[in-house]
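What follows is one structure encoded as structure tokens, with my remarks underneath.
There are 2 protein chains.
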Amino acid sequence: MSSEHARQQVTMRDVADAAGVSVATVSHVVNNKKGARIGQDARQRVKDAIQELGYRPNAMAKTLSSGSSNFIGLVADAIATTPFAGQIIHGAQDEAWKHGYVLLVANTESDPAAEEAAIAMMLEHQVRGILYSTWFHRAITVPPALHETDYVLVDCYEPHTRAPAVVPDEVQGGRTATELLLQAGHRRIAFINTTSPSPAQEGRLAGYRSALDAAGVAFDEQLVLYAPSEQEGGYAALDTVLARGATAVFCHNDRMAMGLYDRAHERGLAIPGDLAVVGFDNQEVIAAHLRPPLTTVALPHYELGAAGVRRLLGIDGDGDGDGDGAASLIPCPPVLRASIT
Amino acid sequence: MSSEHARQQVTMRDVADAAGVSVATVSHVVNNKKGARIGQDARQRVKDAIQELGYRPNAMAKTLSSGSSNFIGLVADAIATTPFAGQIIHGAQDEAWKHGYVLLVANTESDPAAEEAAIAMMLEHQVRGILYSTWFHRAITVPPALHETDYVLVDCYEPHTRAPAVVPDEVQGGRTATELLLQAGHRRIAFINTTSPSPAQEGRLAGYRSALDAAGVAFDEQLVLYAPSEQEGGYAALDTVLARGATAVFCHNDRMAMGLYDRAHERGLAIPGDLAVVGFDNQEVIAAHLRPPLTTVALPHYELGAAGVRRLLGIDGDGDGDGDGAASLIPCPPVLRASIT
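Each protein sequence line maps, in turn, to chains A and B.
The first sequence maps to residues 157 to 497 in the working numbering.
The second sequence maps to residues 157 to 497 in the working numbering.
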């Protein structure tokens, strides 16, 4: 634990001494320098010494000599205040490692000064590029410093520009949720949408309408309610859902479904017998443990992180075939549990 | 977005040319080299050129020349699969930044190969030290590679060694939870503990007993139940809690309290009128939105991360005054809501 460890660190000099070669030779072997003429024998002695002494090559020295680093930066507005952002990190990290990169993570809590400092730090460390990520899907303005490197927006986008982005396919997600209820035979399907203007609010509604259209069910605006997107909003909306004759309800998120369950249980209603329910997000700690467990549509956070890295490295294009080179849409898959008969 | 950005990057050479000085002079100014004799005029010209060209000093070159880096590594077993670990990152990052360090985060999902690779990467980047963190409080064996640098265990500890660690004070937390119920006048207080052997299982029980002792309430082992530490466990335990005549219940975690609420509501019981409830964890997305909102005791994840950095940098000692130099105990504070009359 003491800093003696640092002082005792094995250096390239130690390896050179043990192998009876110059430091330059060790460096050439370690860095696989092309064109360096080193005998098979000396090369082997260096490798043996590295093994024996437990020498670790200095990644920064390598970076410096090659002029680029093996870092990818991830600037996140809120790793901490939501269980969701973590999965973006996880997906980005797994994909980065797969391609030989290490993820440098900075959490800014949406503070512009922290954000600027984080991006500057990453640029100073010569990152290969930066993922700029928000904890919920929204429109942003790209911070100017991001233009100094390659970047991809993750779970956010810049309207009216071609800023590369990966975002969840809210329209498909809303359609999928509604289709689950249609397939179970429901025709009076309420949608409790969020009161917060957002791509999710707009996209999921468009998906709901398109699923109804495709099934030949007339859109009834009386069945679309608006409520705050947390438990209290779902709880308060249930009575209206029932009053309007719905037999099924699509909740904008799982938290609203949790509150709606509470009110349904208070009124003595059985889910899914009296009312079928589908959520959105797949917030595991809630959805998997409601009574009954909630059928929902997942926000693909892990995939957003992974796709962001692939887009940054040029492995994926924008993938939606519209040729605008901007946002890649990542599918939101259904998660079947027990709240729909 | 193209890699032209990288190619167009302003170099130290560009700054030197613009300022009419040598690259060495620029380097000396940028790195605040002591003993370098540079005229006030030249120094100002370099600073102006840096400003004008938007030059960013290369942090790795600085690190290399100073022989240490401004990185602190955080190896986490599961950033992603729990909403909790994120707060450890957040606290560690805030504290690291405060002292001029940047946090390098790696998530291993408890895979030993990923863990070894993560630690090796951090050592190669010459981190100042490593925080080794688990998403729930448990005993671990320190991975051998950690001994190559300074380290602190966060939310975990190594039994029978002096490995430096910061962990939540489970005993105080259990005592605090129980005291909240005692102070409200309850004497028949059940404790639904987890079936998983862990410092939390042991420590919270010890805290429960010590609070009862201090209040002169005899310990009744009939009132201590064991259940899986999720919603289903709390749901199943409620009937026994009532059968044993308890008027209040301390749940090992908030998830159990959520399930217990469901069963209480099914049985037509009012919380807190018929039964007072206290949880543990302060898992916000659940605790703050139950009906009624849950009074609980917080796991101090943010503080664990921050305290880990302070311990690593030698700012804090072990703080418990027992002189063993091992685990620092971080307090678990009460969070008052509406589930206790």
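We put the CB at the ideal spot given by N, CA and C, even for glycine.
Would you tell me roughly how many angstroms separate the C-alpha atoms of G363 (chain A) and S385 (chain A), rounded to the nearest one?
18 Å
Short-range partners of chain A found in the segment 383–394 of chain B, where Cβ spacing is below 8 Å:
E386, Q387, E388, Y391
Check the Cβ-Cβ distances between H246 (chain A) and every residue of chain B, and say whether any is below 8 Å.
yes
Coil, strand or helix - G229 (chain B) by DSSP:
strand
Length of the line joining the Cα atoms of D325 (chain A) and P490 (chain A)
13 Å
By DSSP, does L336 (chain B) sit in helix, in strand, or in coil?
helix
Close-in-space but distant-in-sequence residues of the same chain around F427 (chain A) (CB under 7 Å, 5 per side omitted):
Correcting the residue type first, residue 427 (chain A) is Ile in the shown sequence and not Phe. Result list for I427 (chain A): Y417, A420, V433, P448, S495, in chain order.
Residue(s) in a DSSP beta bridge with Y382 (chain B)
B:N349
Where H421 (chain B) meets chain A, residues with beta-carbon distance less than 8 Å
D418, H421, E422
Determine whether the Cβ of H445 (chain B) lies closer than 8 Å to any Cβ atom of chain A.
yes
Please list, in chain order, all residues of the same chain as A443 (chain B) whose beta carbon is under 8 Å from its beta carbon, the five residues on each side excluded.
D410, A413, G435, D437, P449, L450, T452, V491, R493
Collapsed DSSP secondary structure at Y288 (chain B) in the structure displayed:
strand
Buried or exposed: H408 (chain B), going by 16 or more other Cβ atoms within 10 Å of its Cβ?
buried
For the pair the segment 245–253 of chain B and the segment 459–478 of chain B, tell me if three or more CB-CB distances fall below 8 Å.
yes
Express the C-alpha separation of V171 (chain A) and T181 (chain B) in angstroms, rounding to a whole number.
33 Å
Can you tell me where the alpha helix (DSSP H) with A413 (chain B) in it begins and where it stops?
410–422
Please list the terminal residues of the continuous beta strand (DSSP E) segment that includes V261 (chain B).
258–263
Whether or not the segment 335–351 of chain B and the segment 299–314 of chain B are in contact is what I'm after, with contact meaning three or more pairs of Cβ atoms, one per stretch, closer than 8 Å; do they touch?
no
Considering only C-alpha positions, which residue in the set B:G341, B:T167, B:S366, B:T351 is nearest to Q328 (chain B)?
B:S366
Between V441 (chain A) and chain B, is the shortest Cβ-Cβ distance under 8 Å, so that the two count as touching?
yes
Considering only heavy atoms of the ligand MG, does any lie closer than 7 Å to the CB of P384 (chain A)?
With respect to small molecules bound, the structure shown includes none, and the ligand MG cannot be examined in it.
Using 8 Å as the cut-off, can you tell me whether the segment 383–400 of chain B makes contact with the segment 367–374 of chain B, which would need three or more C-beta pairs spanning the two stretches below that distance?
no
What is the DSSP secondary structure of T403 (chain A), reduced to helix, strand or coil?
coil
What span of residues does the alpha helix (DSSP H) with Y364 (chain B) cover, start to end?
355–371
Grab me the residues of P456 (chain A)'s own chain with a C-beta within less than 8 Å of its C-beta, minus the 5 sequence neighbours each way, in chain order.
P324, I486, P487, C488, P489
Within chain A, partners of P213 (chain B) - CB distance below 8 Å:
E280
So what does DSSP say about R294 (chain A), is it helix, strand or coil?
strand
In DSSP terms, what A483 (chain A) is bridged to:
A:A321
Taking DSSP's pairing of strands, which residues face T452 (chain B) in a bridge?
B:V491
Using 10 angstroms around the beta-carbon of H316 (chain B), count the other beta-carbons present and answer buried if the total reaches 16, otherwise exposed.
exposed
Enumerate in chain order the residues of its own chain whose CB-to-CB distance from R199 (chain A) is below 7 Å, with the five nearest sequence positions on each side excluded.
V185
What are the residues in the segment 274–305 of chain A lying within 8 Å of chain B by C-beta distance?
A276, M277, L279, E280, H281, Q282, H303, E304, T305
Which of the three DSSP states is assigned to Y113 (chain B) in this structure?
Here chain B covers residues 157 to 497 and nothing more, so residue 113 (chain B) does not appear.
Per DSSP, cross-strand counterpart(s) of D437 (chain B)
B:A454
Note the first and the last residue of the continuous alpha helix (DSSP H) segment covering D173 (chain A).
168–175
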